[in-house]
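Colleague: Before I ask anything, here is the structure I am working with.
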Amino acid sequence: MSEKQTLGFQAEVSQLLQLMIHSLYSNKEIFLRELISNASDASDKLRFEAINDASLFENDSELKIKVSFDKAARTITIADNGIGMTRDDAINHLGTIAKSGTKEFFAKLSGDQQKDAAMIGQFGVGFYSGFIVADKMTVESRRAGTAASEGVRWESTGAGDFSVEQITKEDRGTAITLHLREGEDDFLSSWKLKSIIRTYSDHISLPILMQKEEWDDEKKEQVLKDELETVNQASALWARSKSEITPEQYTEFYKHISHDYTAPLTHTHNRVEGRSEYTQLLYIPSRAPFDMWDRNKRGGIKLYVKRVFIMDDAEQLMPVYLRFVKGIIDSNDLPLNVSREILQESRDIKAIREGSTKRVLGMLEDLANAEGDEGESEKEKFASFWKEFGQVLKEGIGEDAANKDRIAALLRFASTHNDSDAQNVSFADYLARAKEGQDKIYYVTADTYAAAKNSPHLEIFRKKGVEVLLLTDRVDEWMLSFLTAFEGKDLVSVAKGDLDLGKLEDEAEKKQHEETETQFKDLVEKMKTALADKAKDVRITFRLTDSPACLVADENELSGNLVRMLKAAGQAAPESKPILEVNPDHPLVQRLKYEEAKFNDWSHILFDQAALAEGGTLEDPSAFVKRLNEMLLNVSK
Numbered sequence: 079m080s081e082k083q084t085l086g087f088q089a090e091v092s093q094l095l096q097l098m099i100h101s102l103y104s105n106k107e108i109f110l111r112e113l114i115s116n117a118s119d120a121s122d123k124l125r126f127e128a129i130n131d132a133s134l135f136e137n138d139s140e141l142k143i144k145v146s147f148d149k150a151a152r153t154i155t156i157a158d159n160g161i162g163m164t165r166d167d168a169i170n171h172l173g174t175i176a177k178s179g180t181k182e183f184f185a186k187l188s189g190d191q192q193k194d195a196a197m198i199g200q201f202g203v204g205f206y207s208g209f210i211v212a213d214k215m216t217v218e219s220r221r222a223g224t225a226a227s228e229g230v231r232w233e234s235t236g237a238g239d240f241s242v243e244q245i246t247k248e249d250r251g252t253a254i255t256l257h258l259r260e261g262e263d264d265f266l267s268s269w270k271l272k273s274i275i276r277t278y279s280d281h282i283s284l285p286i287l288m289q290k291e292e293w294d295d296e297k298k299e300q301v302l303k304d305e306l307e308t309v310n311q312a313s314a315l316w317a318r319s320k321s322e323i324t325p326e327q328y329t330e331f332y333k334h335i336s337h338d339y340t341a342p343l344t345h346t347h348n349r350v351e352g353r354s355e356y357t358q359l360l361y362i363p364s365r366a367p368f369d370m371w372d373r374n375k376r377g378g379i380k381l382y383v384k385r386v387f388i389m390d391d392a393e394q395l396m397p398v399y400l401r402f403v404k405g406i407i408d409s410n411d412l413p414l415n416v417s418r419e420i421l422q423e424s425r426d427i428k429a430i431r432e433g434s435t436k437r438v439l440g441m442l443e444d445l446a447n448a449e450g451d452e453g454e455s456e457k458e459k460f461a462s463f464w465k466e467f468g469q470v471l472k473e474g475i476g477e478d479a480a481n482k483d484r485i486a487a488l489l490r491f492a493s494t495h496n497d498s499d500a501q502n503v504s505f506a507d508y509l510a511r512a513k514e515g516q517d518k519i520y521y522v523t524a525d526t527y528a529a530a531k532n533s534p535h536l537e538i539f540r541k542k543g544v545e546v547l548l549l550t551d552r553v554d555e556w557m558l559s560f561l562t563a564f565e566g567k568d569l570v571s572v573a574k575g576d577l578d579l580g581k582l583e584d585e586a587e588k589k590q591h592e593e594t595e596t597q598f599k600d601l602v603e604k605m606k607t608a609l610a611d612k613a614k615d616v617r618i619t620f621r622l623t624d625s626p627a628c629l630v631a632d633e634n635e636l637s638g639n640l641v642r643m644l645k646a647a648g649q650a651a652p653e654s655k656p657i658l659e660v661n662p663d664h665p666l667v668q669r670l671k672y673e674e675a676k677f678n679d680w681s682h683i684l685f686d687q688a689a690l691a692e693g694g695t696l697e698d699p700s701a702f703v704k705r706l707n708e709m710l711l712n713v714s715k
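Taking the numbering used here, the leading residue of the sequence shown gets 79, the next gets one more, and so forth.
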C-alpha cells in the first residue's frame, strides 16, 4: 500500500477556488446540486461502459446516490456506486482543470463578484463547489473493475494542496465527505437537504436515497432510522409528459446538464415519431459561454438510447453553427453500443440532426415573430439571443444550405435607419421601408460601427433617404460570400463596383452625370497617370456629397475591409489595387483641375485621405504628412 503523498493544486484550481468561494457564497445550496450531478454522471458512465463489459457492475447493477449527514461530526456525505476513480484519476480530475479555453476564462474575470459568479457558472465548478460550505473535503473512491485494495483517498482543505493515499474500499464508486465550516450547521438537517434535492435535483433519473426520519417521544425530536427512502422522482425528466413538468423543473434540469448557473432563454421538448423515433429536450442558453468561438469544442448535446446514457458530447447531432444549444436526445432506434464512427454514417442520426436543427430554428422564429403583449417579452428574448449568439448563427449561412433562407430571415443588423449600434434590423424590416422603385438591399462593411456609420460611401444614400445596413462583425464578409440576395432582392455593397441606383436615379440626373464626366475627362486621365502605382482606375463619382474622394473595390474583387481583416489575421490577400472615385462638386477636386505644379502631390493626398476615411492604413505615412504640410503652407501664403 502506497504512502500518503501531498501534491499542489494546479494554479488555475487555486485561483478558481478563491474566486468561487467569494463570488458564489450567496448561493451556497448549489454545492449539493453539483455533487449529485457529478454522481449521476459517474453512474451514467458506468452504465455505458458496462454495455460491453457487464462485470463492471460487480453484482450490484442497481445504481443509486446516497446523501447522509452526521451532526456530531458536522459532515455531509454524497456517495454513489458509479464508475469510480483510480489514484491517477483523482489526481487528474480533482487537482487540475483540463478544460480548453482556461486561460481565456480567467482573462475575462473582472473582479466584480456578481459578474464573475455568472462566468464561474459558465465554466462549471462541479466538485470544487463543495468548498463553499466545507473547510475540508475527503474523497474515497475505487474504480469499477479494480481490486478492493486499489481504492484511493483524496483530501484537501482547498488552501493550495491536497493529499492522496491508497486505501482498501470494498464497494466501487465515490463517497465525498464535506467537513462543514463554522456557521453552516443549517445543512445538518434532513429537512433542509431533502428540500434542496427536491428543488435542484428532482429530475435526476437515479434514485437519491436518504435515511427516513420519525418522531421520538422520549427525545422530543426527529431521529434517523436505518430504512432508506427515495427523495426525488427518479425518472428521466425528458421521458415524462410535458404537462407533468413545471417551468422550475425544466430550468433545474438545464442547469444540471449544462452546469450553467443562469436560467435558459427558452426550450423545446418533443417526441418525434416516424421513420426515426426519438425524444428531444433542447435549450438555448441566456448567455454565451466563454469558449463559444472554439469551433473544435464538443457539442452540448447528450445522447441517450432508450434512456441509457451513451455520450455527452455528441457533436454529430447538431451543426457547428448551433454549438451553443444544450440538451438531451434520446433515440429509440440506435444500438446501445453505438460509436462515434457509427454516428457519422447513421441515417437515423442524419434524420435526428435535420429534425433538431429545424426545431431550434423554429424556437428562434417563435421568439423573433411573437405577437401581442407577450410577444414583446419574447422579442426581447430574441434581442438578448442575438446579442449573445448572433455572430455564431451567421456561420449557418455558409454551412447549412438547406436552411439558409430561414437563417437569413433571423439575421439582424445595425442600420442608418437607427441612431444606435443596436443590431435589430431584419431584412424584412429593411424591405418594408424600402423606397419606391428600390430593387436592392444596400450595405457597407467596416471594422467598427463608427467607421461604417461615417463611411463616405453613404453620402448619396443619406441625401436620397435610402437605408443602408451597417455590417461590422468579423464573420460578415465571409457570410456575404454565400448570401447574395434575400427574397429576390440582390445584396449590394455601397463600396464595390459602379454605383447603380436603378430607378432611384431619374433621367435628368443621369444626363447631368454624363455631362460632368465629359467635363472632367482630362483631369481623370491625368490623375490615372499620377496614381498609376496606387490606383487600378480613377473615375468621377456621384455617390459622394461631402467628401472629395473614396476608394471602391472592383465588382469581383475583395473589399478593402476584407483585405485588411485577412492581413491582420496573418493570411495572404490577393494583390489588387482599389479604384479611386472623386467628387466633381468638391472644392478640392475642382481646384485640382487647374493645379499644375503640385498636381501629383494633391492627387496622392486625395488617395491617402480616402484610404484613411475607410479605416485603412497608409504604406508611406511620412510621405502623406510631408505632402499635406507643404499643401497647408502653400495655402497659408
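Glycine residues also receive a C-beta, built at the ideal position from the N, C-alpha and C atoms. Source: prediction; values computed, not measured.
#1: What number of angstroms, rounded off, separates the C-alpha of Asp148 from the C-alpha of Ile154?
#2: Would you decide whether Arg511 is buried or exposed? Buried here means 16 or more other CB atoms lie within 10 Å of its CB.
#3: Given a cut-off of 8 Å, decide if Ala212 and Leu271 are closer than it, judged by their beta-carbon atoms.
#4: So is Tyr508 buried or exposed if we call it buried at 16+ other beta carbons inside 10 Å?
#5: Out of Asp138, Ser121, Asp166, Gly204, point me to the one whose CA is closest to Glu107's CA.
#6: Pick helix, strand or coil for Lys676, following the three-state DSSP scheme.
#7: Near Asn481, which residues of its chain fall below 8 Å by C-beta distance, leaving aside the five closest residues on each side in sequence?
#8: In whole angstroms, what separates the C-alpha of Ala689 from that of Lys604?
#9: Going along the chain, which unbroken runs of the alpha helix (DSSP H) with 4 or more residues stay wholly within the region 194–279?
#10: For the alpha helix (DSSP H) that Gln597 lies in, which residues bound it at each end?
#11: How long is the line joining the alpha carbons of Ser313 and Met215, rounded to whole angstroms?
#12: According to DSSP, is Ala701 part of a helix, a strand, or is it coil?
#13: Quick check on DSSP: helix, strand or coil for Val546?
#14: In this structure, does DSSP put Asn170 in helix, strand or coil?
#15: Taking just the CA atoms, how far does Glu233 sit from Val91?
#16: So which of Val230, Val660, Ala500 has the shortest CA-CA distance to Phe598?
#17: So, using beta-carbon positions, are Tyr356 and His345 closer together than 8 Å?
#18: Terminal residues of the continuous alpha helix (DSSP H) containing Lys108?
#19: Does any heavy atom of the ligand MN sit closer than 7 Å to the C-beta of Asp239?
#20: I'd like the list of long-range same chain contacts for Phe539, defined as Cβ closer than 6 Å, with 5 residues on each side in sequence excluded.
#21: Can you tell me the Cα-Cα spacing of Lys541 and Glu458, whole angstroms?
#22: Any contact of the region 106–123 with the region 269–285, i.e. 3+ C-beta pairs under 8 Å?
#23: From what residue to what residue does the alpha helix (DSSP H) around Arg484 run?
#24: Can at least three beta-carbon pairs, one atom from the region 494–509 and one from the region 658–675, be found at a separation below 8 Å?
#25: Does His345 come out as helix, strand or coil in the three-state DSSP assignment?
#26: So Gly405 and Gln469 are in contact, right, with Cβ under 8 Å, and what is the actual spacing, rounded?
#27: Would you check if the distance between the CB atom of Met163 and the CB atom of Arg125 is smaller than 8 Å?
#28: Can you say whether Gly378 is buried or exposed, counting buried as having 16 or more other CB atoms within 10 angstroms of its CB?
#29: Name, in chain order, the residues that DSSP records as bridge partners for Arg617.
Modeller: Walking through what the data contain:
#1: 7 Å
#2: exposed
#3: no
#4: buried
#5: Gly204
#6: coil
#7: Thr435, Lys436, Leu439, Gly474
#8: 20 Å
#9: 268–278
#10: 585–597
#11: 30 Å
#12: helix
#13: coil
#14: helix
#15: 15 Å
#16: Val660
#17: no
#18: Checking the sequence shown, residue 108 turns out to be Ile, not Lys. First-last of the alpha helix (DSSP H) with Ile108: 108–127.
#19: This structure simply doesn't include the ligand MN, nor any ligand for that matter.
#20: Val546
#21: 33 Å
#22: yes
#23: 482–488
#24: no
#25: strand
#26: No, Gly405 and Gln469 are not in contact; Cβ-Cβ is about 21 Å, not under 8 Å.
#27: no
#28: buried
#29: Glu659
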